[in-house]
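Residue numbers (my numbering): 133 to 310. For glycine and all other residues, C-beta sits at the position ideal for the given N, C-alpha and C. Scroll down for the structure; my scribbles are underneath it.
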């Protein structure tokens with residue numbers, strides 16, 4: 133084997149080892165399962181911290197790291213800007229057949245969002261969700277956190293989404309902050 137071939141083989145091995153180490157590190161379990169009967173009545177998303185926290189009766193009981201829209205952490209202005217809206221909403225629908233494992237629909241846009249977009253002559257957008265990872269890519273696990281990749285939604289791992297799906301009822305309030 134030539135020196136060049138050996139160097140390429142070594143570099144390839146290092147890259148594979150690094151990728152495997154990252155996947156292992158980001159996919160290890162963190163939190164114990166929630167007790168049966170746990171129910172969230174409030175969700176707080178803090179975009180700048182890339183964090184979503186569930187509350188019951190004013191008490192925090194679970195927090196998740198999240199990926200957001202590719203447009204950055206500015207507030208959503210119009211359809212297609214790939215930004216996550218800011219404000220107070222509620223969970224108004226569920227999609228068990230989502231292209232992103234499972235999804236909970238956020239009630240964006242509200243009347244104020246629609247009016248603000250209309251004054252700019254734009255559509256406010258719609259279909260803002262809390263969802264898992266795209267079907268077929270769930271093996272990425274927490275590696276999805278390495279980059280903001282959604283079209284304006286809030287994304288968690290599929291196992292986290294299954295937990296959220298169980299404990300967040302329709303009508304739960306959600307506040308999305310900068």
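Subject >> For residue 202, the three-state DSSP class (helix, strand or coil) >> reply: Three-state DSSP puts residue 202 in coil, outside helix and strand.
Original post:
Would DSSP call residue 291 helix, strand or coil?
Top reply: For residue 291, the three-state secondary structure derived from DSSP is helix.
**OP:** For the segment 194-202 and the segment 179-186, state whether three or more C-beta atom pairs, one from each stretch, are separated by less than 8 Å.
**Re:** Counting C-beta pairs with one atom in each stretch, the segment 194-202 and the segment 179-186 have three or more that are closer than 8 Å, which means they touch.
**OP:** Please state whether DSSP places residue 185 in a helix, a strand or coil.
**Re:** strand
Original post:
Taking the continuous beta strand (DSSP E) assigned at residue 224, which residues delimit it?
Top reply: 219-227
Subject >> Cα-Cα separation between residue 233 and residue 178, rounded to whole angstroms >> reply: 23 Å
**OP:** Can you grab the Cα-Cα spacing for the pair residue 258 / residue 288, in whole Å?
**Re:** 19 Å
**OP:** With a 10 Å radius around its C-beta and 16 neighbouring C-beta atoms as the bar for buried, classify residue 264 as buried or exposed.
**Re:** buried
Original post:
Among 166, 134, 190, 219, which residue has its Cα nearest to the Cα of residue 293?
Top reply: 166
**OP:** May I ask which residues mark the beginning and end of the beta strand (DSSP E) holding residue 191?
**Re:** 191-197
**OP:** Give a yes or no on whether the C-beta atoms belonging to residue 224 and residue 173 are separated by under 9 Å.
**Re:** no
**OP:** Following the continuous beta strand (DSSP E) through residue 178, name the residue where it begins and the one where it ends.
**Re:** 174-178
**OP:** Please state whether DSSP places residue 133 in a helix, a strand or coil.
**Re:** DSSP, reduced to helix, strand and coil, places residue 133 outside both helices and strands of the structure shown, so it counts as coil.
Original post:
What does residue 286 pair with, by DSSP beta-bridge criteria?
Top reply: DSSP output for residue 286 lists 262 as bridge partner(s).
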